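Residue numbers (numbering that gives the first Met the number 0), protein chains in the order written: chain A, 0 to 300; chain B, 0 to 292.
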Amino acid sequence: MTSKTTGQPSRSREKLIAKLLFACALLSIVTTVLIVGILAQEAWSFFSDVPIQRFITESEWTPLFEPQHWGIRSLVYGTLTVTIGAILFAVPLGLGSAVYLSEYAGHRTRSIVKPLLEILAGIPTIVYGYFALVIITPALKAFIPNLGVYNALSASIAVGIMITPMISSLSEDALLAVPKTLREGSYALGSTKLETTFHIVIPYAISGIVSSVVLAISRALGETMIVSIAAGATPRLSFNPLESVQTMTAYIVQVSMGDTPYGSVEYRSIFAVGIALFMFTLIMNLAAMFIKEKFKVSAKL
Amino acid sequence: MTTKREINRRHYAWRQYSNSIFRIVFFIAIVIALLTLAVLLLGIASKGLSALNWDFLTSYPSRFASKAGIKSALAGTFAFIIITAPLAFFIGVCTAIYLEEYAKKNWFTKLLEMNITNLAGIPSIVYGMLGLVLFVRGMYLGRSVLAGALTMTLLILPIIIVSSQEAIRSVPVSLRHASYALGGTLTQTVFRVVLPVAMPGILTGTILAVSRAIGETAPLLTIGALTYVAFLPTNPFSEFTVLPIQIFNWVSRPQAAFQDIAAAGIIVLLAILLLLNATAIILRDKYRKKSME
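Take a look at the structure:
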């Protein structure tokens, strides 16, 4: 009997399918190679025109007008200002929510709050950008009269809100993974819920919690639309959150939107900035992965 | 003089007190997060609802806020999604199947997995730069729907792969064993037994990934999607704009009237995303019933 009549796929067809599936999986490797390759190639050609020393040591970033300066530190400071602000905002909120949901909340509260936090996580960043510019900034102006229309603070808060659900859901997963027996042991010794949370549950889940924060930092570093809309376009070598700043991502958007000719030094500079951004986030992502690996080991014990 | 007993009693009272205080502190964190959501939605509704009407949905953008609409942006969003969604679904599911069912446990598989996790964490704007050099310039696709769709496909692939892997992993081993016992080959088992059972989870993940693509702005800005488009995309090589880019364009203008139509655009965008998520839930339930039968 031939394979067709029994409906039994032939061995060669099995192999073909396996190969097709493998080819799809390979595409993800190709993507990474292309990202690194393209960024490196374009950045290399940029650095052949602008020496890398200028890129690192100059203190101003003025590529789009004369005299040109290429000190990326100004963009890095802007990025860090927004990221630090966002983390200061999101860590207490995210961890507080995670602890409440995993340790205190009843079934009903969880079933209401979790989907709402998921909505917050699903809102596009452009919406947060609008929120920062049109709602947060005017509200802050009531307290800080000399706040500019574009400032790092509003952007930080909006980015903070954006990453809060990420911290809360990943941290909650880590907290829920703590064995119940540990909590019961602690209660049996007479600890209160708070003492159990701080002395038993959080220390046990700490690597999961830290890795969620590190991932959130990576997200904040790469966030683009919120900062393009609300943080302004003024590269600055300072950490003042009340001023307009420019982040690395916002610079890339500015050049992409403008009429800088493709291939010019100014245009190629976005790839130099891009590779710096890529490095920052790569380090954060690898750190998060590494910390979580450790967590897996400790959970097995 | 306070007795030791008295000190113990006070200490106990303090412990109880701080316990109840912190319960409130943790709860406040949730309240703040949810209040922000409420303020965000109400703020957008109050600014945008007045500008939202049928003309807004069926007009092209305009220099005058009162005449501007999102017709071309809606069409552009739709156009790139009908390319991105099936493409990302196909490649993503195939990759997940490979990793879960076919791959041997060796260093290369581990590398693949780590690579996908890392791809999910790369900022979307970096994908935009990849798309610019690879698709727009390298393949001479220009600022076309196709270039945008391919860029977005690469961006959402990791999300689809990871959620599909989880869905496939949750299929009980006993089902696989039953298939093998009946003489099914690996391929038959995967495509006739495992996939149908995993499909609800896969679809949910795909729809969430597509929602992400619909809301993304940065990569399409980087590949040079236009901000002012007064025509509809007719083929994959047409130039186009999408809803988030149209909103960005309006938000960036100083006039209050444009801020309000930006809010109206946001309402439409959020409505589309809500609709998609509802579809995800309905699809999931339908499939779940089918696989139960």
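We treat Cβ as the ideally placed atom computed from N, Cα and C, and that holds for glycine. Source: prediction; values computed, not measured.
request  = In the DSSP assignment, find the alpha helix (DSSP H) that holds VAL81 (chain A) and state where it starts and stops.
outcome  = Counting along the chain, the alpha helix (DSSP H) containing VAL81 (chain A) begins and ends at 72-98.
Notebook entry, point to check: Counting Cβ pairs, one atom from each stretch, are 3 or more of them under 8 Å apart for the region 225-244 of chain A and the region 148-155 of chain A?
Noted result: Judged by Cβ distances under 8 Å, the region 225-244 of chain A makes contact with the region 148-155 of chain A, as three or more pairs qualify.
According to a CB-to-CB cut-off of less than 8 Å, which residues of the region 5-25 of chain B neighbour chain E?
Of the protein chains in this structure, namely A and B, none is chain E.
| query | Cα-Cα, which of B:CYS93, B:LEU36, B:GLY75, B:LYS3 is closest to VAL193 (chain B)? | reply | Checking every option, the nearest Cα to that of VAL193 (chain B) belongs to B:CYS93.
Inter-residue spacing [alpha-carbon to alpha-carbon] between PHE21 (chain B) and THR233 (chain B):
Approximately 59 Å between the Cα atoms of the pair.
Here's the rule: buried if 16 or more other CB atoms are within 10 angstroms of the residue's CB, otherwise exposed. What is SER169 (chain B)? Classified as exposed, SER169 (chain B) has fewer than 16 neighbouring CB atoms from the shown chains inside 10 Å of its CB.
field: CA nearest to the CA of GLN258 (chain B), picked from A:ILE205, A:ILE134, A:ILE160
entry: Per the Cα distances, A:ILE134.
* Partners in chain A for PHE247 (chain B), counting only beta-carbon separations shorter than 8 Å -> Within 8 Å Cβ-Cβ: ILE125, GLY128, MET224, SER227, ILE228.
Taking 7 Å as the cut-off, decide whether the C-beta atoms of VAL144 (chain B) and PHE26 (chain B) are in contact.
-> At a Cβ-Cβ threshold of 7 Å, VAL144 (chain B) and PHE26 (chain B) do not count as neighbours.
Under 7 Å between C-beta atoms, does ASN284 (chain A) make it to chain B? Yes, ASN284 (chain A) counts as interfacial toward chain B.
Checklist entry - Which full runs of the alpha helix (DSSP H) of 4+ residues lie inside the region 205-248 of chain A, going along the chain? => result If we require 4 residues or more, the alpha helix (DSSP H) runs fully inside the region 205-248 of chain A come out as 224-229.
Under the rule that 16 or more other beta-carbon atoms within 10 Å means buried, what is THR2 (chain B), buried or exposed? Residue environment: THR2 (chain B) is assigned as exposed (fewer than 16 neighbouring CB atoms within 10 Å of its CB, all protein chains considered).
* Going by alpha carbons, who is nearest to TRP60 (chain A) out of A:GLY262, A:PHE142, A:ALA275, A:THR233? -> Closest option to TRP60 (chain A), Cα to Cα, is A:THR233.
*Terminal residues of the continuous alpha helix (DSSP H) containing TYR127 (chain A)?*
Start and end: 124-129.
Problem set entry | C-alpha gap between LYS299 (chain A) and SER206 (chain A), whole angstroms | Only weak support is given to the placement of LYS299 (chain A): the predicted model assigns it a pLDDT of 47, under 50, and the question is left unresolved by the model.
Quiz item: What are the start and end residues of the alpha helix (DSSP H) that includes TRP53 (chain B)?
Solution: Element bounds for TRP53 (chain B): 53-57.
Could you round the C-beta distance between ALA224 (chain B) and ILE246 (chain B) to whole angstroms and report it? I think they count as a contact, below 8 Å. Taking 8 Å as the upper bound for CB-CB distance, ALA224 (chain B) and ILE246 (chain B) are not in contact here, some 13 Å apart.
Any beta carbon of chain B sitting closer than 7 Å to that of SER255 (chain A)? By this cut-off, SER255 (chain A) is an interface position.
- Task: Taking a Cβ distance cut-off of 9 Å, strictly less, list which residues of the region 144-159 of chain B are near chain A, in chain order.
- Result: Taking 9 Å as the Cβ-Cβ cut-off against chain A, the residues of the region 144-159 of chain B that qualify are LEU153, LEU156, PRO157.
Residues of the region 134-146 of chain A in Cβ contact with chain B at a cutoff of 7 Å, in chain order, please. Residues ILE134.
7 Å Cβ cutoff, ALA314 (chain A) in contact with chain B | Past the boundaries of the shown model lies residue 314 (chain A); chain A is included only from 0 to 300, so the question cannot be answered.
Based on DSSP bridge pairs, tell me the residues matched to TRP69 (chain A). In the DSSP assignment, TRP69 (chain A) is bridged to A:TRP60.
Take every Cβ of the region 78-92 of chain A, pair it with every Cβ of the region 206-216 of chain A, and state whether three or more of those distances are shorter than 8 Å. Yes: at least three Cβ pairs fall under 8 Å.
If contact means a Cβ-Cβ distance below 7 Å, which residues of the region 155-173 of chain A contact chain B?
Listed in sequence order: ILE160, THR163.
Stretch pair the region 163-171 of chain A + the region 95-108 of chain A: three plus CB contacts closer than 8 Å = Judged by Cβ distances under 8 Å, the region 163-171 of chain A makes contact with the region 95-108 of chain A, as three or more pairs qualify.
ask   = Given that ALA17 (chain A) touches chain B, what residues does it touch there, using C-beta distances under 7 Å?
value = The contact set of ALA17 (chain A) on chain B, defined by CB atoms closer than 7 Å, consists of TYR101 in chain order.
query: Which residues in the same chain have their Cβ closer than 6 Å to the Cβ of ARG182 (chain A), if we skip the five residues on either side of it in sequence?
result: Excluding sequence neighbours, ARG182 (chain A) sits near THR195.
- Nonlocal neighbours in the same chain, by C-beta distance under 8 Å from MET113 (chain B), ignoring five residues either side: Shown here for MET113 (chain B): not one same chain residue has a beta carbon closer than 8 Å to its own, the five before and five after excluded.
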